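Residue numbers 1 to 176, in this note's numbering, belong to the letters of the sequence shown in order.
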Amino acid sequence: MAKTQSEKSLSNRDTAPTIAIYPGTFDPITNGHVDIIKRALRLFDKIVIAIAVNSQKTPLFSIEERIDLIQNCFGPNNHRIEVDTTSGLIVNYAVQKKACAIVRGLRAVSDFDYEFQLALMNRKLERKVETVFLMTGFRWIYISSSIIKDAAKHGGDVGGVVPAHVQAALKLKFNT
Ligand code: COA
Numbered sequence: 001m002a003k004t005q006s007e008k009s010l011s012n013r014d015t016a017p018t019i020a021i022y023p024g025t026f027d028p029i030t031n032g033h034v035d036i037i038k039r040a041l042r043l044f045d046k047i048v049i050a051i052a053v054n055s056q057k058t059p060l061f062s063i064e065e066r067i068d069l070i071q072n073c074f075g076p077n078n079h080r081i082e083v084d085t086t087s088g089l090i091v092n093y094a095v096q097k098k099a100c101a102i103v104r105g106l107r108a109v110s111d112f113d114y115e116f117q118l119a120l121m122n123r124k125l126e127r128k129v130e131t132v133f134l135m136t137g138f139r140w141i142y143i144s145s146s147i148i149k150d151a152a153k154h155g156g157d158v159g160g161v162v163p164a165h166v167q168a169a170l171k172l173k174f175n176t
């Protein structure tokens with residue numbers, strides 16, 4: 001008997017690794033991002049961390065620096081993590097990478113409106129790719145890369161909200 005569509009996708013899941021894209025600016029990666037990535041690894045076989053080149057943001061760290069900072073969080077040989085860059089539509093990138101999902105972290109209610117819009121637009125553009133929201137760990141609810149950069153710029157101690165090597169990179173950037 002011919003398989004139904006859902007049976008087919010279930011049998012595909014038995015063989016093909018499940019891949020999810022985690023897109024963002026990562027300027028720089030924070031403990032909040034690391035927390036989301038680690039939890040996403042429990043759901044998917046592989047996470048592609050996609051640094052989205054966003055013309056509306058002026059990043060502090062270059063693309064190469066951001067790639068290095070991310071890779072140093074997980075070890076360069078971690079075969080379940082890939083760090084890449086993308087500049088087009090994230091859903092097209094997801095299809096290209098054979099990903100079934102886009103992972104986004106939700107920090108507070110204030111994130112919800114924007115994330116909901118983004119997820120709906122992405123679904124309209126490409127129905128094959130689901131958006132999966134993970135609730136950010138309680139400790140990271142109030143952090144963002146901008147707030148951390150601002151604190152670091154003024155000599156504040158950002159240990160505990162970013163990995164140690166990111167803290168060192170911020171100190172070097174701001175000469176603090
Ligand atoms: N913990 C802590 N901080 C977090 C976080 C978490 N779990 N998740 C997000 N943040 C922070 C980030 O640090 C960032 O802070 P900043 O603004 O101070 O730098 C902020 O939340 C925004 O998060 P980020 O995930 O980097 O999103 P973004 O708005 O920079 O990028 C894209 C969003 C890249 C996913 C989106 O613009 C995109 O998909 N672009 C490609 C084009 C496209 O396909 N558009 C959609 C269809 S029209």
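Don't be surprised by glycine CBs; every beta carbon is placed ideally from N, CA and C.
Computed from a prediction, not measured in an experiment: that's the story for all the values here.
Considering only heavy atoms of the ligand NAD, does any lie closer than 7 Å to the CB of residue i?
| i | result |
| --- | --- |
| alanine 108 | Ligands present in the displayed structure are limited to the ligand COA, and the ligand NAD is not among them. |
Using DSSP with H/G/I as helix, E/B as strand and the rest coil, what is residue i?
| i | result |
| --- | --- |
| leucine 120 | helix |
| alanine 108 | coil |
| threonine 25 | coil |
| alanine 101 | strand |
| isoleucine 148 | helix |
Tell me the residue span of the beta strand (DSSP E) that contains residue i.
| i | result |
| --- | --- |
| methionine 133 | Checking the sequence shown, residue 133 turns out to be phenylalanine, not methionine. Here the beta strand (DSSP E) through phenylalanine 133 covers 130-135. |
| valine 83 | 81-86 |
Looking at C-alpha atoms only, which residue of the options is the closest neighbour of residue i?
| i | options | result |
| --- | --- | --- |
| isoleucine 49 | Gln56, Cys73, Ser55 | Cys73 |
| serine 144 | Gly156, Ala16, Leu69, Arg107 | Arg107 |
| valine 158 | Asp111, Ile29, Met121 | Ile29 |
| glutamate 130 | Asp27, Lys57, Gly32, Leu118 | Leu118 |
| threonine 86 | Ser110, Trp140, Ile21, Asp35 | Ile21 |
| threonine 18 | Asn31, His33, Ile47 | Ile47 |
| arginine 104 | Asn78, Lys98, Gly137 | Gly137 |
| asparagine 78 | Leu60, Asp45, Ile63, Lys97 | Asp45 |
Tell me the residue span of the alpha helix (DSSP H) that contains residue i.
| i | result |
| --- | --- |
| glutamate 64 | 63-74 |
| alanine 50 | Premise fails: alanine 50 lies in the beta strand (DSSP E), 46-52, not in any alpha helix (DSSP H). |
| tyrosine 93 | 90-96 |
| aspartate 157 | Where aspartate 157 is concerned, there is no enclosing alpha helix (DSSP H), given that its DSSP letter is neither H nor E. |
| lysine 57 | Element bounds for lysine 57: n/a, residue is neither H nor E. |
| phenylalanine 174 | 164-174 |
| isoleucine 37 | 31-40 |
Item to complete: Give me every residue whose Cβ sits closer than 6 Å to any heavy atom of the ligand COA, in chain order.
Response: So the residues near the ligand COA by this Cβ test are Pro23, Gly24, Thr25, Asp27, Thr30, Gly32, His33, Ile36, Ala52, Asn54, Leu89, Ile90, Gly105, Arg107, Leu118, Met121, Asn122, Thr136, Trp140, Ile143, Ser144, Ser145, Ser146.
Fill in: Given 8 Å, three or more beta-carbon pairs between the stretch 151-167 and the stretch 36-51
Result no; under three Cβ-Cβ pairs closer than 8 Å.
Fill in: Touching by the beta-carbon criterion (3+ pairs, under 8 Å), the stretch 46-63 and the stretch 21-28
Touching, yes, given that three or more Cβ pairs across the two stretches are closer than 8 Å.
Worksheet item: Quick check: the stretch 120-130 against the stretch 81-94, are there 3 or more CB pairs under 8 Å?
Response: Verdict: yes, contact present.
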